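If you read the sequence shown in my numbering, its first letter stands for residue 1, the second for the next number, and so on. Yeah, the Cβ is synthetic: ideal placement off N, Cα and C, and Gly gets one too. Computed from a predicted structure; not experimentally measured.
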Amino acid sequence: MTTNVGGVPDQPQSEHETDQVSQNQKKEQGAKRKRMKERSEVWEHFDKEDLPSGMQAICKYCGMSYKCGAKKNGTSVLWAHISRCRKYPFNTPKHSKQSLLSFKSAKEPSGGTSGLTYHKFDAGSIRKALSFMVIVDELPFKFVEGIGFRHFCGVIEPRFNVPSRITVAKDCFETYLTEKRKLKNVLKRCNSRVSLTTDTWTSIQQINYMCLTVHFIDNNWKLHKRILNFCPISSHKGDDIGKEIEKCLLDWGLENVMCITVDNASSNDTAIGYMRRKINGWKTGVLKGRFLHMRCVAHIVNLVVSDGLKTVNESVQRVRHAVRFIKQSPARLQRFKKCVLDEKINTKKGLCLDVPIRWNSTYLMLNAAIELQDAFERYSGEDPHYVVDLNERDGKGSPDSDDWNNVRRLSEFLQAFYDLTLHVSGSLYVSLNLFFHELVSVVVLMKDLVSSDDVDMCLMACRMKEKYEKYWGDPEKINLLIFIAVVLDPRYKLDYVEWMITEIYDPIVASKLVDNVKVALNALYEEYRVSSGNDVNREEVSSSKDGKTPLSPKHKKIEALKSKYKKHKCERDGDAKIELDKYLEEDTTEDIDEFDILSWWKFNCSRFPTVGRIARDVLVVPVSTVASESAFSTGGRVLDLVNVV
1 MTTNVGGVPD QPQSEHETDQ VSQNQKKEQG AKRKRMKERS EVWEHFDKED
51 LPSGMQAICK YCGMSYKCGA KKNGTSVLWA HISRCRKYPF NTPKHSKQSL
101 LSFKSAKEPS GGTSGLTYHK FDAGSIRKAL SFMVIVDELP FKFVEGIGFR
151 HFCGVIEPRF NVPSRITVAK DCFETYLTEK RKLKNVLKRC NSRVSLTTDT
201 WTSIQQINYM CLTVHFIDNN WKLHKRILNF CPISSHKGDD IGKEIEKCLL
251 DWGLENVMCI TVDNASSNDT AIGYMRRKIN GWKTGVLKGR FLHMRCVAHI
301 VNLVVSDGLK TVNESVQRVR HAVRFIKQSP ARLQRFKKCV LDEKINTKKG
351 LCLDVPIRWN STYLMLNAAI ELQDAFERYS GEDPHYVVDL NERDGKGSPD
401 SDDWNNVRRL SEFLQAFYDL TLHVSGSLYV SLNLFFHELV SVVVLMKDLV
451 SSDDVDMCLM ACRMKEKYEK YWGDPEKINL LIFIAVVLDP RYKLDYVEWM
501 ITEIYDPIVA SKLVDNVKVA LNALYEEYRV SSGNDVNREE VSSSKDGKTP
551 LSPKHKKIEA LKSKYKKHKC ERDGDAKIEL DKYLEEDTTE DIDEFDILSW
601 WKFNCSRFPT VGRIARDVLV VPVSTVASES AFSTGGRVLD LVNVV
């Protein structure tokens with residue numbers, strides 16, 4: 001018995017009323033479960049139909065039906081079906097063995113064409129592709145945590161869980177280790193020497209970095225370059241640079257180094273000296289490291305031209321001031337563009353203001369201004385402030401016809417150095433054999449200007465020639481590989497080199513330099529000839545690894561005796577250099593623009609095996625450090641500004 005609010009006791013409920021309440025509660029709970037069942041997300045994949053056998057849930061993809069009307073039928077069976085339904089488009093591969101067909105993109109990174117292909121969902125492959133994107137596009141690791149990127153991945157592949165930046169960083173490091181192992185195997189199988197370029201740089205956080213790049217020609221006579229290391233160093237001192245290079249070479253298992261190309265900093269001389277001692281200690285140097293040090297040609301050209309432009313005449317200054325006046329105002333620049341159109345000047349070049357300490361920017365400024373000379377003259381008549389402002393600023397006025405003639409001669413002179421820098425700065429083609437020809441043209445041009453009647457040009461050429469003599473005037477300081485590379489070019493050979501040297505040098509210097517080249521060439525050939533037996537053994541080991549049948553012990557002994565006999569015959573007959581002489585005496589190849597020197601040696605190294613090995617090791621030497629400098633010069637890259645991870 002219970003008591004109500006007014007204090008009047010309630011009458012006890014009967015057993016029938018109690019059962020009725022219990023049944024009503026059960027009905028409400030059943031209806032609630034039914035509504036919850038209908039609201040389940042699984043019903044997005046099923047249609048309900050009332051059949052004579054009862055309520056059925058029919059799959060929208062494969063048509064499979066399940067009972068769903070009875071109380072005992074829940075949604076677990078429906079979820080289980082969706083997880084293994086083969087026609088459900090977003091099923092995982094472990095439940096579906098059928099691959100999906102798709103079309104390749106028309107723009108494949110590898111250069112392939114578009115076509116029909118198949119793919120399966122593979123989270124591991126997607127993660128590898130993600131790390132590849134981060135590395136190649138130089139994206140920060142936190143990029144993968146961006147809302148937009150995660151939304152994009154959710155739309156393109158809902159099953160892929162985008163990893164965190166820490167996981168992406170680990171994946172990138174695993175990619176690095178994988179690629180490092182591949183490159184190590186390539187270098188190990190390569191039967192040639194490598195050359196290196198290195199450069200250092202200091203970030204805005206005053207942290208010193210060093211980049212080391214390897215250049216090599218593989219067994220198929222293809223030129224390659226790879227960055228071996230990009231690391232912080234303690235200082236720019238020569239010993240520290242040398243120790244870091246040594247550490248990197250030991251890590252990569254590289255000992256056969258032909259040459260190291262560096263800029264003209266004095267610390268690099270110390271670093272090269274340190275590396276020469278180490279390589280000689282490894283007993284892998286060529287002629288005790290005689291050709292190990294190669295000075296960057298681009299840096300020397302920069303020093304030569306910059307020193308000559310210190311005596312820039314007033315004509316260059318007038319053109320510079322005229323360009324600056326027009327570029328100072330958008331309205332002036334717009335009016336100048338109208339003058340270009342009115343003069344019907346057909347050029348895509350625009351006005352550019354130079355940086356006085358960078359000679360190549362001065363050349364580009366003058367080269368563009370010369371083509372727009374008529375527009376300048378027309379502009380001077382349309383803008384009265386042009387002449388007045390230039391006269392008041394420095395009293396030199398606007399450029400006249402004599403000024404334009406002066407800067408035209410200077411531009412033509414600088415173009416020779418500009419073209420030289422462009423040609424020798426390439427790292428995807430052989431450049432060592434090209435430099436000598438560019439050097440000859442520049443020296444001849446300087447000689448002509450030294451005897452010129454133009455006082456300004458004569459003075460500038462004299463200053464340049466003085467700086468040139470400092471680096472390339474002393475036969476004892478020149479790396480003779482510059483000339484040997486031309487000898488190994490079948491279009492020119494030794495006679496061409498001798499004749500050109502006598503044309504650009506004084507008779508005494510030329511005679512000594514020619515003798516040095518001949519002595520170095522013969523010594524280089526002799527060292528390679530003596531070591532040819534070891535090279536043959538390496539090639540046999542390499543061919544056996546490539547799948548060829550290895551020689552039996554019996555045949556190995558016979559081949560060793562044959563090799564020993566050939567060596568004995570050469571020593572007895574005193575004809576050890578017959579192969580080199582045969583190459584030099586053979587007619588030169590036709591000089592055509594499309595000539596590929598590596599392809600020529602690939603097909604002729606069987607006729608000249610020893611000279612071919614020399615060519616393979618010499619032609620790989622780069623004459624500039626651009627391959628390493630470019631690692632610091634990519635636009636938009638900032639180091640140490642924020643944490644990488």
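Expected contact under 8 Å - CB spacing of residue i and residue j to nearest Å
i, j, result
"residue 270", "residue 238", "2 Å"
"residue 262", "residue 272", "7 Å"
"residue 209", "residue 201", "5 Å"
"residue 360", "residue 418", "6 Å"
"residue 367", "residue 315", "Residue 367 to residue 315, Cβ: 14 Å. No contact."
"residue 195", "residue 475", "Actually they are not in contact, since the Cβ atoms of residue 195 and residue 475 sit about 23 Å apart, beyond 8 Å."
"residue 457", "residue 449", "5 Å"
Residue from the options with nearest C-alpha to residue i
i, options, result
"residue 340", "378, 316, 320", "378"
"residue 492", "297, 433, 242, 479", "433"
"residue 629", "82, 381, 211, 49", "211"
"residue 482", "456, 440, 465", "440"
"residue 318", "77, 520, 80, 370", "370"
"residue 610", "488, 498, 620, 496", "488"
"residue 650", "307, 579, 522, 374", "The chain is shown from 1 up to 645; residue 650 falls before or after that span and cannot be answered."
"residue 296", "426, 226, 205, 257", "426"
"residue 207", "232, 336, 277", "232"
"residue 122", "137, 54, 348, 157", "157"
"residue 173", "518, 127, 596, 284", "127"
"residue 352", "323, 336, 375, 334", "323"
"residue 585", "494, 498, 531", "494"
"residue 77", "313, 601, 57", "57"
"residue 342", "356, 331, 374", "374"
Distance CB(residue i)-CB(residue j) smaller than 8 Å
i, j, result
"residue 424", "residue 510", "no"
"residue 380", "residue 398", "yes"
"residue 143", "residue 149", "yes"
"residue 252", "residue 327", "no"
"residue 459", "residue 311", "yes"
"residue 390", "residue 321", "yes"
"residue 125", "residue 617", "no"
"residue 386", "residue 291", "no"
"residue 131", "residue 75", "no"
"residue 413", "residue 486", "no"
"residue 60", "residue 47", "yes"
"residue 134", "residue 82", "no"
"residue 267", "residue 241", "yes"
"residue 219", "residue 189", "yes"
"residue 514", "residue 498", "yes"
Cβ neighbour criterion (16 or more within 10 Å) applied to residue i
i, result
"residue 129", "exposed"
"residue 215", "buried"
"residue 159", "exposed"
"residue 176", "exposed"
"residue 84", "exposed"
"residue 438", "buried"
"residue 258", "buried"
"residue 469", "exposed"
"residue 545", "Only weak support is given to the placement of residue 545: the predicted model assigns it a pLDDT of 44, under 50, and the value that follows is read from those uncertain coordinates. Exposed: under 16 other Cβ atoms inside 10 Å."
"residue 166", "exposed"
"residue 588", "exposed"
"residue 403", "buried"
"residue 508", "exposed"
The ligand HEM heavy atom lying under 7 Å from the CB of residue i
i, result
"residue 516", "The model on display carries no ligand, and the ligand HEM is accordingly not part of it."
Start-to-end residues for the beta strand (DSSP E) that takes in residue i
i, result
"residue 520", "It is not in any beta strand (DSSP E) - residue 520 instead sits in the alpha helix (DSSP H) that spans 507-530."
"residue 57", "54-59"
"residue 199", "194-202"
"residue 314", "Here residue 314 belongs to no beta strand (DSSP E); instead the alpha helix (DSSP H) covers 314-327."
"residue 66", "65-67"
"residue 225", "223-233"
"residue 73", "Careful: residue 73 lies outside any beta strand (DSSP E) and carries neither H nor E."
"residue 208", "208-217"
"residue 46", "46-51"
Host alpha helix (DSSP H) of residue i (start-end)
i, result
"residue 180", "165-189"
"residue 413", "401-424"
"residue 339", "330-342"
"residue 149", "147-156"
"residue 483", "481-487"
"residue 276", "266-282"
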